[in-house]
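Working notes for the structure below.
In the working numbering, the protein residues as written are 103 to 145.
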């Protein structure tokens with residue numbers, strides 16, 4: 103049961119960190135997404 107609790111805790115912490123990083127880097131992500139969109143559809 104302890105192992106399961108630890109895994110759940112790590113997943114929650116990972117999600118919080120991921121959301122924080124996404125929030126901090128939203129402009130960079132938009133630029134990257136636009137670049138890939140142009141690469142895929144613009145040719």
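Note that the Cβ used here is the ideal one computed from N, Cα and C, for glycine as well.
For residue 124, the enclosing alpha helix (DSSP H) has its first and last residue at 104-126. For a cut-off of 8 angstroms, the C-beta gap from residue 124 to residue 134 is around 12 angstroms, too long to register as a contact. Rounded to the nearest whole angstrom, the CA to CA distance from residue 111 to residue 122 is 17 angstroms.
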